[in-house]
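K.L.:
Number of protein chains: 2
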Amino acid sequence: MLMRLATAIKKRSTEELMGLKLRQLMLLSHLSSGGAPALQQHLCEALWLDPNNCVLLLNELEDLGYIERRRDPADRRRHVVELTEDGRTALERAQRAQESLGDEIFAALSDEERATLRSLLSRAQV
Amino acid sequence: MLMRLATAIKKRSTEELMGLKLRQLMLLSHLSSGGAPALQQHLCEALWLDPNNCVLLLNELEDLGYIERRRDPADRRRHVVELTEDGRTALERAQRAQESLGDEIFAALSDEERATLRSLLSRAQV
DNA sequence: TATTGTTATACTCTATAACTATA
DNA sequence: TATAGTTATAGAGTATAACAATA
Chain Y
1 MLMRLATAIK KRSTEELMGL KLRQLMLLSH LSSGGAPALQ QHLCEALWLD
51 PNNCVLLLNE LEDLGYIERR RDPADRRRHV VELTEDGRTA LERAQRAQES
101 LGDEIFAALS DEERATLRSL LSRAQV
Chain P
1 MLMRLATAIK KRSTEELMGL KLRQLMLLSH LSSGGAPALQ QHLCEALWLD
51 PNNCVLLLNE LEDLGYIERR RDPADRRRHV VELTEDGRTA LERAQRAQES
101 LGDEIFAALS DEERATLRSL LSRAQV
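The listed protein sequences correspond, in order, to chains Y and P. Reading the first sequence from the start, the letters are residues 1 to 126 in the working numbering. Reading the second sequence from the start, the letters are residues 1 to 126 in the working numbering.
Have a look at this one:
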């Protein structure tokens, strides 16, 4: 059931609607919610991306001007990734689109029920 | 969050574990829950598969001996799809595997909470 | 002519392995 | 030598369009 729902969300989360691909949104969103100023690339495996997919995804986002990569001075093998202003703007637009999609999909649920759903899902062991 | 969880489930639903690919499981499961003896292929769009993907998926399952396709005598353009005994066995095995995976993932939730989750998800408008 | 199912084909996504540079 | 990041490449998965048989 969960998979069915996820498929539906994916199909409806088109790039035209959000201005971003779903994976791009997920990475930007993770970057942003990390709170801290920057992140090591390896933390992008929090999103279950192989290192190579990670690179490709970051390349796309860098080409779009939504992130910046800098070498970590402490260990010049590492990259520090940072959200740009444009990136934050794009992220916010995509998040609004996602929210309104969520509103459609969960229209039958009250605010309280949605909160319950979120809370239950967040307790899943991934 | 939903997408994250779905990704995790997908990654963990390996073919070795279930004996079936996830999409194969979804189709067999849909066939089986249809209750009725047979189904027209077009109903496989209930799973959001393009007609061509549908054919390919059914080919795989037919090669495995898990389904049978017959022409509909009433309209010989149509195919009627039916689950075989082998198919039912494979489906049951895969469903058991999925259940135990579900048990792991939702270990933190009580039976009642899981029921609540199912009920909330089932009310989503896809 | 329209519809069901199929095939051919290409495009995106994801995975594997080899390579570069730093440590 | 080991690790972070990258590149090359191949394999799934998915989508588009043309085609055959039947209506």
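C-beta: ideal position from N, C-alpha, C; glycine also. Here the structure is a predicted model, which means the values were calculated and not measured.
Measuring from the CB of N52 of chain P, is there a heavy atom of the ligand MN at a distance below 7 Å?
P.N.:
Ligands displayed in this structure: none; no statement on the ligand MN is therefore possible.
K.L.:
Of the residues that make up the stretch 109 to 126 of chain Y, which ones have a beta carbon closer than 9 Å to any beta carbon in chain P?
P.N.:
Under the 9 Å Cβ criterion, the stretch 109 to 126 of chain Y contributes L109, E113, R114, T116, L117, R118, L120, L121, S122, R123, A124, Q125, V126.
K.L.:
Does A8 of chain Y get closer than 8 Å to chain P when you measure Cβ to Cβ?
P.N.:
A8 of chain Y counts as touching chain P.
K.L.:
According to DSSP, what are the bridge partners of D72 of chain P?
P.N.:
DSSP, once it has assigned bridges, lists P:D75 as partnering D72 of chain P.
K.L.:
Checking contacts by CB at 8 Å: is R4 of chain Y closer than that to chain P?
P.N.:
Chain P, which has a Cβ nearer than 8 Å to the Cβ of R4 of chain Y, makes this yes.
K.L.:
At a Cβ threshold of 8 Å, is E128 of chain Y touching chain P?
P.N.:
As shown, chain Y starts at 1 and ends at 126. That puts residue 128 of chain Y outside it, with no answer to give.
K.L.:
Who pairs with L56 of chain P in a beta bridge, going by DSSP?
P.N.:
According to DSSP, which records beta bridges pairwise, L56 of chain P is partnered with nothing at all.
K.L.:
For chain P, is any of its Cβ atoms less than 8 Å away from the one on I105 of chain Y?
P.N.:
Output row for I105 of chain Y: interface = yes.
K.L.:
In angstroms with no decimal places, state the Cα-to-Cα distance between H42 of chain P and R71 of chain P.
P.N.:
Taking the straight line joining both Cα atoms gives about 13 Å.
K.L.:
Using only CA atoms, which one of Y:L28, Y:E92, Y:A8, Y:M1 lies nearest to V81 of chain Y?
P.N.:
The shortest Cα separation from V81 of chain Y among Y:L28, Y:E92, Y:A8, Y:M1 belongs to Y:L28.
K.L.:
Let me know the secondary structure DSSP gives Q95 of chain Y once reduced to three states.
P.N.:
Helix, per DSSP.
K.L.:
Where do the ends of the alpha helix (DSSP H) carrying V121 of chain Y lie?
P.N.:
Per the sequence shown, residue 121 of chain Y should be read as Leu rather than Val. Taken as a continuous stretch (DSSP letters only), the alpha helix (DSSP H) holding L121 of chain Y covers 111 to 122.
K.L.:
At a CB-CB cut-off below 8 Å, which residues of chain Y make contact with K11 of chain P?
P.N.:
By Cβ distance, chain Y contributes W48.
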